[in-house]
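> Protein sequence lines correspond, in order, to chains A and B. Counting from 0, one number per residue, gives the positions in the first sequence under numbering that gives the first Met the number 0. Counting from 0, one number per residue, gives the positions in the second sequence under numbering that gives the first Met the number 0. Note that the Cβ used here is the ideal one computed from N, Cα and C, for glycine as well. Quick caveat, the model's predicted, so the values are computed rather than measured.
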Amino acid sequence: MTPHEWKRLKALFTGALDQPEATRESWLEEHAAGDEVLAREAAALLRAHDTAEGFLEIPPQVDPADVAEVDAEAPGTRLGPYVIEYCIDNGGQGIVYCARDTRLERRVALKALPPFDDGNPELRERLRREARAAATIAHRAVATVYALEEIDGRLFIASEFIDGGTLRQEIDRGALEPARALSIAADIADALCAAHAAGVIHRDLKPANVMIAINGSIKVVDFGIARVRGVDTRLTRTGAAVGTPAYMPPEQLIAGNSDLRSDIYAVGVILTEMLTGQHPFAPGRRPVPLAAAEVTSRCLQPDPANRYQTADDLSQALQTALEEAADGTVSVEPMSTGNRSARWWWEFHQAMVSLVYAAMLWPAWLARGSIGGNVGNALFVATLAAAVVAITLRLHLWFTARFYPAELAWARQRARGWVISSDMVLSGALILAGGLIGDTSGAVAVLDIAAGIGSASASLLIEPATTRAAFRV
Amino acid sequence: MPLVYEELRRIAAGYLRRERPGQTLQATALVNEAFVRLAAARPRPFANRTHFLAIAALSMRQILVQRARARRAAKRGGLPKQVTLDERVLMGNTPGIDILALDEALSRLAILDADLARIVELRYFAGLTVEETAEAVGSSPATVKRHWAMARAWLKRAMDGGQDDGADHEP
Chain A
0 MTPHEWKRLK ALFTGALDQP EATRESWLEE HAAGDEVLAR EAAALLRAHD
50 TAEGFLEIPP QVDPADVAEV DAEAPGTRLG PYVIEYCIDN GGQGIVYCAR
100 DTRLERRVAL KALPPFDDGN PELRERLRRE ARAAATIAHR AVATVYALEE
150 IDGRLFIASE FIDGGTLRQE IDRGALEPAR ALSIAADIAD ALCAAHAAGV
200 IHRDLKPANV MIAINGSIKV VDFGIARVRG VDTRLTRTGA AVGTPAYMPP
250 EQLIAGNSDL RSDIYAVGVI LTEMLTGQHP FAPGRRPVPL AAAEVTSRCL
300 QPDPANRYQT ADDLSQALQT ALEEAADGTV SVEPMSTGNR SARWWWEFHQ
350 AMVSLVYAAM LWPAWLARGS IGGNVGNALF VATLAAAVVA ITLRLHLWFT
400 ARFYPAELAW ARQRARGWVI SSDMVLSGAL ILAGGLIGDT SGAVAVLDIA
450 AGIGSASASL LIEPATTRAA FRV
Chain B
0 MPLVYEELRR IAAGYLRRER PGQTLQATAL VNEAFVRLAA ARPRPFANRT
50 HFLAIAALSM RQILVQRARA RRAAKRGGLP KQVTLDERVL MGNTPGIDIL
100 ALDEALSRLA ILDADLARIV ELRYFAGLTV EETAEAVGSS PATVKRHWAM
150 ARAWLKRAMD GGQDDGADHE P
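What follows is the structure, given as structure tokens:
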């Protein structure tokens, strides 16, 4: 069924439903515009609707004992050339073993489907696709796939064995050092650059899918639900229900859409977790250190258009944050505790400037009277417009600083150009008005010029100083 | 971890620990409890309620599907009658619904119409009312009611082995 046909079917069905039961059939005939197939389909749906009384109306019952336990192979079991050493991970989605490849005498990670799913052709295809997707990426931070094996009818992926633990385990032991967290995030971003360049979107990035080797290097694993460019996405029919909700961006959760920016969102969640030990949406979460605040805030933007658009951009932003954290130009302290007094002055500055700008409308109004005519009106309108923009933006920043500190870096960046422009227009209009008044009303002229020069210097000299003090160490 | 999935599991495990054998829970109750614990806590932990509900509905669907798969596996391993009987007892007077068949049909519906599938997830798996669903998906209750009716009819037909659901008819 094409999307167009579906739309028509939907219109027919819902339209007929609004009719009294007796006239539904004739209504359908009339509105199907001769398309018999569609009319039949709609009629069948209406019949199904009539028998669906109570269907799905009662929410499902949940047995608390709902955890899927899976029988893992015992150590020492031989699977073709592999000998199982132990079970690394046993989840509902798959089992991962540490095994020895007896041919090459090396350790491998063997991933298999849970026994009860091994006969499911769709899940088998997914495992094959996982192997192929991961195999197209050659990168130091992506676990290398060695082979896709079929042994006694069971399917396995043999890949690089990483001796170490998962990032999940590391985070569960507590928040990471900011520099370490940023460097891990940068490695993940680099792995994503390689994956995205190969046309692969991971779609299930989470701390449990990032391995940390004993030497500290990281590897991204589990491309189980990755999407590969050029591959029919309908193959992941169960795609609607896969993934890990807590790491999925709104568009993937709500509309089922995902692109490479979904991976970028996931990095934002992971980085926040590394820095604070808590999920970004955890109640009462500790703030993210300043050096990383902008990166996490941009990654976690609900609208994908506001995130970093590529893994390259993300990687660069992380490098910059890492350098700034390393040379001490940006605090690695959480925002709310670091430099509270400087921040207070910055907030005070925003509030004061808003007040002063509002007060300046009075001399501007007087100047308008003195100058008169269109010029006077135009100058006053310019002053008024600039003041409104500048005040609105400053109050927005002040409000953000008070109530959404994590968003502040991003908000400041977006507002910066507009703030400076409106400041300059305001100062310019005031100075010009003062000049035009000339002798007719000396006091007002002096007041206007002084206000103009004052606001210009406040914007160009004082504000950058308070901003630097508040946001740089 | 304040993740909905884990929170739902933890709540369920809590009920299990309190040793109420044979106790089953309404999915709605679990979702509500998770919401109260996570979202009602001091600062709003989720981007918005919609975000939370989408996560909760999907988590619930995954949990139920996983459980159903494990049960099916257990059935294959023997004791088929007992498990079936057990299930019927546990289900109380709820008409039994094959979660796996529903999951499969729902995935096919999502290909045709993601909005309709989302409404089913919210209505059935998160137990939202029509009004709450309308709020969550940002449309009117009347529209949700119509779409819900269509989704239910389509799913009923697909699950009853209705001849042709049209999902495989891509050109």
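1. If you count every other CB in all the chains shown that lies within 10 Å of the CB of N208/A, and 16 or more means buried, which is it?
2. Does the beta carbon of T128/B sit closer than 8 Å to a beta carbon anywhere in chain A?
3. Below 8 Å on the Cβ atoms is my contact criterion, and I expect D186/A with I217/A to pass it. Report the Cβ-Cβ distance as a whole number of Å.
4. Do L121/B and L29/B come within 8 Å of each other at the CB atom, strictly closer than that value?
5. Could you tell me which uninterrupted alpha helix (DSSP H) segments, each at least 4 residues in length, are contained entirely in the stretch 154 to 232 of chain A, listed from first to last along the chain?
6. Give me the subset of the stretch 384 to 417 of chain A whose CB atoms are less than 8 Å from a CB atom of chain B, sorted by chain position.
7. Which chain B residues sit within Cβ distance under 8 Å of L252/A?
8. Residues in the same chain with beta-carbon distance under 7 Å from T143/A, minus the five sequence neighbours each way, listed in chain order, please.
9. Taking the C-alpha atoms as reference points, what is the distance between A130/A and S139/B?
10. Among the residues of its own chain, which have a CB less than 6 Å from the CB of A135/B, if the five just before and after it don't count?
11. Which ranges does the alpha helix (DSSP H) cover as unbroken runs of at least 4 residues, wholly within the stretch 2 to 73 of chain A, from first to last along the chain?
12. What three-state label does DSSP hand A98/A in the structure shown?
13. Kindly list, in the order they appear in chain B, the residues whose Cβ is closer than 7 Å to that of K9/A.
14. Could one say the Cβ of D175/A lies closer than 8 Å to chain B's Cβ atoms, at least one of them?
15. On a CA-only basis, which of I436/A, L435/A, L429/A, A31/A is nearest S454/A? Give me that one, please.
16. Which word fits S25/A, buried or exposed, when buried means at least 16 other C-beta atoms lie within 10 angstroms of its C-beta?
17. Taking Cβ positions only, does D112/B come closer than 8 Å to chain A?
18. Hey, could you find the ends of the alpha helix (DSSP H) P154/B is sitting in?
19. Our contact map puts L383/A next to L360/A with C-beta atoms below 8 Å; I'd like the distance itself, whole angstroms only.
20. Out of D302/A, P120/A, A133/A, which has the shortest C-alpha to C-alpha gap to I224/A?
21. Tell me which residues share the same chain as T243/A and place their Cβ nearer than 7 Å to its Cβ, disregarding the 5 neighbours each side in the sequence.
22. Taking only beta-carbon positions, decide if A109/B is within less than 8 Å of chain D.
23. Find the residues of chain B that neighbour L270/A, judging by a C-beta separation of less than 8 Å, and give them in chain order.
24. Sort L313/A, R172/A, E176/A, S458/A by Cα distance to M423/A and report the nearest one.
25. Under 8 Å between C-beta atoms, does A180/A make it to chain B?
26. Within the same chain, show all residues whose beta-carbon is closer than 7 Å to that of C97/A, passing over the 5 residues directly before and after it, in chain order.
27. Taking a contact to mean a Cβ-Cβ separation below 8 Å, would you say A146/A touches D189/A in this structure?
Short version:
1. As a position in the first sequence, residue 208/A is number 209, starting the count at 1. Within a 10 Å sphere around the beta-carbon of N208/A sit 16 or more other beta-carbons, which makes this residue buried.
2. Mapped onto the second sequence, residue 128/B falls at position 129. Not one chain A Cβ lies under 8 Å of T128/B.
3. Looking up residue 186/A in the first sequence gives position 187. Looking up residue 217/A in the first sequence gives position 218. That pair is a contact at about 5 Å.
4. On the second sequence, residue 29/B is found 30 positions in, with the first residue counted as 1. On the second sequence, residue 121/B is found 122 positions in, with the first residue counted as 1. No, these two residues do not count as a Cβ contact at 8 Å.
5. List check, alpha helix (DSSP H) in window: 166 to 171, 177 to 196.
6. Identification of residues in the stretch 384 to 417 of chain A having a C-beta nearer than 8 Å to some C-beta of chain B yields an empty set.
7. In the first sequence, counting from the first residue as 1, residue 252/A sits at position 253. The contacting residues are H50, A53, I54, L57.
8. The count along the first sequence starts at 1 and reaches residue 143/A at position 144. The residues are S158, E159.
9. For this step, residue 130/A is matched to residue 131 along the first sequence. For this step, residue 139/B is matched to residue 140 along the second sequence. A straight line joining the alpha-carbon of A130/A with that of S139/B spans about 44 Å.
10. Counted from its first residue, the second sequence places residue 135/B at position 136. Taken in chain order, the residues that qualify are T49, L52, L121.
11. As far as the stretch 2 to 73 of chain A is concerned, its whole alpha helix (DSSP H) runs of at least 4 residues are 2 to 16, 23 to 30, 35 to 50.
12. Here residue 98/A refers to the residue found at position 99 when the first sequence is read from its first residue. When secondary structure is reduced to three states using DSSP, A98/A falls in the strand class.
13. Your numbering for residue 9/A matches position 10 in the first sequence. Simply M149.
14. Working through the first sequence from its first residue, we reach residue 175/A at position 176. The question names Asp, but residue 175/A in the sequence shown is Leu. With 8 Å as the cut-off, L175/A does not count as an interface residue toward chain B.
15. Translated into positions along the first sequence, residue 454/A becomes position 455. Minimum Cα distance to S454/A is reached at L429/A.
16. Residue 25/A sits at position 26 when you count from the first residue of the first sequence. The residue is exposed, with fewer than 16 neighbouring Cβ atoms inside 10 Å.
17. What you label residue 112/B is simply residue 113 of the second sequence in a count that begins at 1. Answer yes: the Cβ-Cβ gap between D112/B and chain A drops below 8 Å somewhere.
18. Here residue 154/B refers to the residue found at position 155 of the second sequence. Residue 154/B is actually Leu in this sequence, not Pro. Counting along the chain, the alpha helix (DSSP H) containing L154/B begins and ends at 140 to 158.
19. Position 384 of the first sequence holds residue 383/A. Position 361 of the first sequence holds residue 360/A. Contact holds; Cβ gap of about 6 Å.
20. Residue numbering aside, residue 224/A sits at position 225 when the first sequence is read from its first letter. Taking each of D302/A, P120/A, A133/A in turn and checking the Cα distance to I224/A, the smallest one comes out for A133/A.
21. Locating residue 243/A in the first sequence gives position 244, counting from the first residue. Counting only Cβ-Cβ distances below 7 Å, and skipping sequence neighbours, we find D203, K205.
22. The structure shown contains no chain D; the protein chains it does contain are A and B.
23. By one-based count along the first sequence, residue 270/A stands at place 271. Per Cβ cutoff of 8 Å: no residues; L270/A is ~16 Å from chain B at best.
24. Locating residue 423/A in the first sequence gives position 424, counting from the first residue. Looking only at L313/A, R172/A, E176/A, S458/A, the smallest Cα-Cα distance to M423/A is reached by S458/A.
25. By 1-based counting over the first sequence, the position of residue 180/A is 181. Closer than 8 Å: no.
26. Within the first sequence, numbered from 1, the residue matching residue 97/A stands at position 98. For C97/A, where only same-chain residues beyond five positions count, the Cβ hits under 7 Å are E84, Y85, I87, R106, A108, F160.
27. For the purposes of this step, residue 146/A is taken as residue 147 along the first sequence, with counting starting at 1. For the purposes of this step, residue 189/A is taken as residue 190 along the first sequence, with counting starting at 1. Against a cut-off of 8 Å, the Cβ pair of D189/A and A146/A comes out as no contact.
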